[in-house]
Every structure is written in structure tokens, then in C-alpha cells.
Amino acid sequence: MLNGLNGLILFAIETAAEEGGGLFDLDATLPLMAIQFLILAALLNAIFYKPLGQAIDDRDAYVRSTRANAQERLAKAERLAQEYEQSLADTRRQARSVVEDAQAEAQKQAAQSISEAQQEAQAQREATQKQLDEEKQAALSQLEQQVEQLSQQILDKLLGAAV
Amino acid sequence: MRLQAEAIRTHPQNGTEMLNSLHNLIFMPLAELEVGKHYYWHIGGLKVHGQVFLTSWFVASLLIGVAFLATRKVERIPSGLQNLMEYALEFIRDLAKNQIGEKEYRPWVPFVGTLFLFIFVSNWSGALVPWKLIHIPGSELAAPTNDINTTVALALLTSLAYFYAGFRKRGLGYFAKYIEPTPILLPINILEDFTKPLSLSFRLFGNILADELVVAVLVLLVPLFVPLPVMILGLFTSAIQALIFATLAAAYIGEAMEGHGAEEHG
Chain A
1 MLNGLNGLIL FAIETAAEEG GGLFDLDATL PLMAIQFLIL AALLNAIFYK
51 PLGQAIDDRD AYVRSTRANA QERLAKAERL AQEYEQSLAD TRRQARSVVE
101 DAQAEAQKQA AQSISEAQQE AQAQREATQK QLDEEKQAAL SQLEQQVEQL
151 SQQILDKLLG AAV
Chain B
1001 MRLQAEAIRT HPQNGTEMLN SLHNLIFMPL AELEVGKHYY WHIGGLKVHG
1051 QVFLTSWFVA SLLIGVAFLA TRKVERIPSG LQNLMEYALE FIRDLAKNQI
1101 GEKEYRPWVP FVGTLFLFIF VSNWSGALVP WKLIHIPGSE LAAPTNDINT
1151 TVALALLTSL AYFYAGFRKR GLGYFAKYIE PTPILLPINI LEDFTKPLSL
1201 SFRLFGNILA DELVVAVLVL LVPLFVPLPV MILGLFTSAI QALIFATLAA
1251 AYIGEAMEGH GAEEHG
């Protein structure tokens, strides 16, 4: 069967060749096909390779520029975040120092007020003491006077009776 | 001529006529095979193969139609057909870039790409489209690459393309490649210019024709299921042949532009 087929194909070639055809029948089909192919290439170039190639290149450029842009913005954002952190830390430090200053000031004022109050109290106490002393002195002298008077009177009475 | 009829005639036996008609009845729509017969058109005294042109027009209009549909509304985010064709284009670009080089490949993308697409769609149309159902006088429709004229035309265009590329890039210095690396190789280098188109055209022609013949013979012998693996293999080899043709064409162009001298530096 296979032999038969083999012979068959050879036979086919032979018969076709006899009729002016055949497997290797080169004729005007060749140049026409070449021209047709070139026309097809030109047409496809105009409606396929160029627009789609353009689209691909545009997209590449777009992606690249967007990427660069995004990277730039990311860097900027990071820089800004760093700046904010920096200024936040600065502000915190400032706030702490302000609080500390205020506390120190308040303590100082408190200490001053306390000492003033103590001084005043001391002064008042001394003044009161002095007054008390004076009054005591006065009372004592008055009392002495009275004692003297009374003793004079007693003396007078005693002596007077005797005199 | 019809294969199955001949097959029976080579085994003469009793009841040949009956068997013949039986075979005709069963196999005729499936297992007709005509080799080397052409549907001649006469154009101004020139004979051309009509069946080749008919199918090549089909292939060309298919390519143009798909390309047109794909690029009708080009979007930045591709979808559907545009996506597919962009994939094809990127594939072709990569092919050309690998063979010709990053710097020079762009002008050659249309040529190499059309070679690939035309051969690929031709081969697959021969394998997938039931051309045999359309009857034309004196021949039958098949893949355009089934005809030696088509493959020789493509191969000669490739030769012209690489000569053009070489002369354009290197001027008359292109001839220097014939005596490189040594003048002793001059005859072989000249011979190469003939063997390149010859091997290109016959490789494609032989593969596609042999594939169709094998499928036809198998269909003739066992018309059910058995030819299917061979058909799938045929699809595979068809695609590979298109890839080989386009890759070799790009490689020849790249080689012509590069030259043997530049290769050492590159």
C-alpha cells in the first residue's frame, strides 16, 4: 500500500508535469506574490506596526515618566515627613523647656512669696512682741507708781496716825 | 489527480469498480489530494496559479482585517484584540531585536513581522480552514505556502532585503564580507548567497507540503481520529516553520549589517 502511495505521488508529479504543472512549477506567480507581499507589508506597516508600535512606545514613555514622577514624589514625601518629624521633635523640646522654665519660675515665685510671708510674719511677731513688752513695761511702771502711791498712802495713813 | 482512486488502481483486483465507487462514496469529501496541479489564470500571456492567489488574498485580508479592528481605537490600557495584536507585535519586535540588534531593528520590524504573520496565518489556514470543501476547477485550495512560488518569492525578498541592508549600512564595504575571515572562503561565501534562499524556500515548502500530504494519506488510510495527532503536530510544525523563516530572515539581515569584522568587537 505504502509503495503504491509512493509511486502514486511520483506519478502525480509526472502527470502534472506533463500537463504543464507540477510541484516545482515556477511562473509569474512568483514575482506577483513578491509584489503582493511587499504591498501587504506596506499596508500592515501603515495600519498595524506603526500605530500599535506608537502605542507601545507611548505607553512605555508614559509608564517611565509616571514612575519617575512617582519616585520623585515619594522622595519628596519622605523628605517632608522627615522635616515634619524634625520640627515636631524641635517643638516638643521647646515645649518641655517652656514647661520647665514655667515650673522653675513658679517655684521661685512660691519660694519668694513664702520667704516674704515668713519675713512679714516675723516682723509682725516682733512688732507685737515689742508692743507687748512696751505695754508690759507701761503696766509695770504704772503698777509701780500705784504701788508707790498705795504704799505712800499706807505709809501716810500709818505714819499720819502716828504723827 | 485523486489519490484514493490511484491507490486502488495500483492494486488491481476483482471488484475494483465497486470498491472504487465505494471509496469515492466514503472518502471523496475527505481524502482528495491533488499534487502539482494548478488552477491557471492567464494574465497578459503570463500564467499564474489562481488557487495560491485566492488563499493568499484570504490570508492578507484576514491580517488586514484583524489589524484594522485592533487599531481602530488605540487605548493606553489595551484590551481584547488590541491586547492580542500588541502581544504579537511585541513578539515580533523581540524576534527582530534579538537577531538584528537594539540599534538597527526598528525599520525591519514590518518586513520580518509580515513574513512571520503571513507565513504563520498561511500555514494555519492550510491546516484549519477546510479549503477542500470549496471546489475550483483543475486544482484545490491550500495554504499559499504550499506552493513553491510563494516560498521562493519570500526567500528571494529576504535575499534582497539583506543585500539592501548590507549595502545601506556598509556601502561597498559589504563586499569585504566575502573575503572574511580569509579569501580562501570566497567561493563558500558566494555560495552562501544561493544556499540561503534555496534552503529558506525549500524548508518551508517541503514542510508544509509534506504535512498536508501526511495528513491526506492518513485520512485516506484511516479516516477517523488517527490523523488528529498528526494534524496537531502539523499545527505545531507550521508555527515553528513561520518562526524559523522570520528568525532566519532577521538573522541574515542582522548578519549583513553587522559584518564579520564588527562581530569581533561586538
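Protein sequence lines correspond, in order, to chains A and B.
In this text, residue positions in the first sequence follow the working numbering: the first is 1, and each later residue adds one.
In this text, residue positions in the second sequence follow the working numbering: the first is 1001, and each later residue adds one.
We put the beta carbon where it would ideally sit given N, CA and C, even for glycine.
No Cβ of chain B is located within less than 9 Å of the beta carbon of Thr91(A). Pro31(A) and Val1152(B) have their C-alpha atoms roughly 9 Å apart.
In the pairwise beta carbon analysis, the region 1056-1066 of chain B is classified as touching the region 33-44 of chain A: at least three pairs are separated by under 8 Å.
For Asn45(A), the neighbours in chain B by C-beta distance under 7 Å run, in chain order, Pro1110.
Minimum Cα-Cα distance from Thr1237(B) among the listed residues Thr1114(B), Thr1071(B), Gly1126(B) corresponds to Gly1126(B). Contact annotation: the region 1075-1091 of chain B does not touch the region 1212-1224 of chain B, with fewer than three C-beta pairs closer than 8 Å. Excluding five sequence positions before and after Ala1155(B), the CB atoms of its chain that fall closer than 6 Å to its own CB belong to Pro1197, Leu1200, Ser1201, given in chain order. Distance between Arg93(A) and Glu120(A), taken at the CA atoms: about 40 Å.
Any Cβ of chain B closer than 9 Å to the Cβ of Ala70(A) would place that residue at the interface, and such an atom is absent. Spatial neighbours of Val1121(B) in its own chain (CB-CB distance under 7 Å, excluding positions within 5 residues in sequence) are listed in chain order as Val1059, Leu1062, Leu1063. Inclusion of Asn45(A) and Pro1110(B) in the CB contact set at 9 Å is warranted, their separation being smaller than that value. If you ignore the 5 residues before and after Leu1115(B), its C-beta comes within less than 7 Å of the C-beta of Leu1154, Phe1245, Ala1246, Ala1249, all in its own chain and listed in chain order. Nearest neighbour of Met1231(B) by Cα position, chosen from Phe1068(B), Gln1241(B), Val1215(B), Ile1240(B), turns out to be Val1215(B).
Taking 9 Å as the threshold, the shortest C-beta distance from Gln86(A) to chain B does not fall below it. Counting C-beta pairs with one atom in each stretch, the region 1156-1165 of chain B and the region 1129-1142 of chain B have fewer than three that are closer than 8 Å, which means they do not touch. Judged by DSSP in its simplified three-state form, Glu1180(B) adopts coil rather than helix or strand.
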